[in-house]
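Visitor:
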Ligand SMILES: N[C@@H](CCC(=O)N[C@@H](CS)C(=O)NCC(=O)O)C(=O)O
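Numbering (my numbering), first residue to last: 2 to 209.
#1: In whole angstroms, what separates the C-alpha of residue 193 from that of residue 20?
#2: Could you round the C-beta distance between residue 185 and residue 132 to whole angstroms and report it? I think they count as a contact, below 8 Å.
#3: What first and last residue would you give for the beta strand (DSSP E) that runs through residue 36?
#4: Name the one or two DSSP bridge partners that residue 57 has.
#5: Would you list the residues sitting across from residue 147 in a DSSP beta bridge?
#6: Taking C-beta to C-beta, are residue 149 and residue 155 nearer than 8 Å?
#7: To test your reading of the DSSP string, which unbroken alpha helix (DSSP H) runs of 4 or more residues are found completely within the stretch 79-142?
#8: Look at the Cβ atom of residue 77, then the Cβ atom of residue 16, and state whether they are nearer than 8 Å.
#9: Determine, using beta carbons only, whether residue 189 and residue 163 come nearer to each other than 8 Å.
#10: Can you name, in chain order, every residue of its own chain whose Cβ lies under 8 Å from the Cβ of residue 96, other than the five neighbours on each side?
#11: Taking the C-alpha atoms as reference points, what is the distance between residue 177 and residue 124?
#12: With a 10 Å radius around its C-beta and 16 neighbouring C-beta atoms as the bar for buried, classify residue 199 as buried or exposed.
#13: Suppose the cutoff is 7 Å on Cβ atoms and the five residues either side in sequence are ignored; what does the same chain contact list for residue 70 look like?
#14: Hey, could you find the ends of the alpha helix (DSSP H) residue 188 is sitting in?
#15: At a cut-off of 7 Å, is residue 65 close to ligand 1 when judged by its beta-carbon and the heavy atoms of the ligand?
#16: Name the two residues that bound the continuous alpha helix (DSSP H) containing residue 177.
#17: Say yes only if the C-beta of residue 53 is nearer than 7 Å to one or more non-hydrogen atoms of ligand 1, and no if none qualify.
#18: Please find out if some non-hydrogen atom of ligand 1 comes closer than 7 Å to the beta-carbon of residue 98.
#19: Could you give the C-beta distance for residue 5 and residue 58, rounded to a whole number, given that I count them as a contact under 8 Å?
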């Protein structure tokens, strides 16, 4: 068994959250190293690419959220062994990164009018289309993205859906997912009700 430490910000979301969830669901022991915003500037240069999440495996620091997710998915039996199903799982994880990446440029917009316009344009255009496409990739029979069961792809999209519905993204309508991708709401609830996910949030005092 590997010695694992996951370093990420102290938030119930973002790129680190699906990794934490996968490890917890799989019963894989890990140190949940939460970096405070004030400590980040000093910590950043020590990370492989100046960003988190970072998974330190037996003393070796490794980055890139989807690569880490595939690795922990294998450890926790949440990643398909069939090559085609693994491809479908990867496709969704990369698409979720793309969708999240659409918001990235808006995080640095300082002008409130410009920010509002940029977020509203995404909500009416590219982001809405991406979210709808994600929903369209759910297997109607199983309700999951790949392998006929919950995989790390579901954990990644679950975290993204929660972010979009959180109200933490100014000028992004909180009902965007409900309107353009209602299937992702049922998907969110299926993941949220998984016993491993329920336990993780109960243990961390998260009720939503
Ligand atoms: N491609 C990387 C992106 C990592 C990334 O941008 N992480 C953000 C947090 S989710 C970060 O560390 N931001 C702080 C910074 O760049 O200083 C991945 O998928 O892990």
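We put the CB at the ideal spot given by N, CA and C, even for glycine.
Guide: To lay it out plainly:
#1: Within the chain shown, residue 193 is the residue found at index 192, counting from 1. Within the chain shown, residue 20 is the residue found at index 19, counting from 1. Going by the C-alpha atoms only, they are around 15 Å apart.
#2: Locating residue 185 in the chain shown gives position 184, counting from the first residue. Locating residue 132 in the chain shown gives position 131, counting from the first residue. The pair is a contact, with the Cβ atoms about 7 Å apart (cut-off 8 Å).
#3: Here the question's residue 36 lines up with position 35 in the chain shown. Note, residue 36: beta strand (DSSP E), 32-36.
#4: Numbered from 1 along the chain shown, position 56 holds the residue referred to as residue 57. 6, 62, per the DSSP bridge assignment.
#5: As a first step, residue 147 is located in the chain shown; it is residue number 146 there, counting from the start. Note: residue 147 sits in a beta bridge opposite 150.
#6: Taking the chain shown and counting its residues from 1, one reaches residue 149 at position 148. Taking the chain shown and counting its residues from 1, one reaches residue 155 at position 154. Taking 8 Å as the Cβ cut-off, residue 149 and residue 155 do not qualify as a contacting pair.
#7: 84-104, 113-125, 127-137
#8: On the chain shown, position 76 is the one that residue 77 refers to. On the chain shown, position 15 is the one that residue 16 refers to. Their beta carbons are not under 8 Å apart, which means residue 77 does not touch residue 16 by this criterion.
#9: Along the chain shown, one-based indexing puts residue 189 at 188. Along the chain shown, one-based indexing puts residue 163 at 162. Yes, the pair counts as a contact, with Cβ atoms nearer than the cut-off.
#10: Walking along the chain shown from the start, residue 96 turns up at place 95. For residue 96, where only same-chain residues beyond five positions count, the Cβ hits under 8 Å are 131, 134, 135, 138.
#11: Position 176 of the chain shown, counted from the start, is the residue given in the question as residue 177. Position 123 of the chain shown, counted from the start, is the residue given in the question as residue 124. The straight-line gap from Cα to Cα measures roughly 7 Å.
#12: By 1-based counting over the chain shown, the position of residue 199 is 198. Counting Cβ neighbours within 10 Å, residue 199 comes out exposed, since fewer than 16 surround it.
#13: Counting from one through the chain shown, the residue named residue 70 turns up at place 69. Closer than 7 Å at Cβ, skipping near neighbours: 19, 20, 23, 94, 153, 157.
#14: Translated into positions along the chain shown, residue 188 becomes position 187. Start and end: 184-193.
#15: Here residue 65 refers to the residue found at position 64 of the chain shown. Answer for residue 65: yes, Cβ within range of ligand 1.
#16: Locating residue 177 in the chain shown gives position 176, counting from the first residue. 177-181 is the extent of the alpha helix (DSSP H) around residue 177.
#17: Position 52 of the chain shown, counted from the first residue, corresponds to residue 53. The answer is yes for residue 53.
#18: Your numbering for residue 98 matches position 97 in the chain shown. For ligand 1, at least one heavy atom lies less than 7 Å from the Cβ of residue 98.
#19: Numbered from its first residue, the chain shown carries residue 5 at position 4. Numbered from its first residue, the chain shown carries residue 58 at position 57. That belief holds up - the Cβ atoms of residue 5 and residue 58 are roughly 6 Å apart, short of 8 Å.
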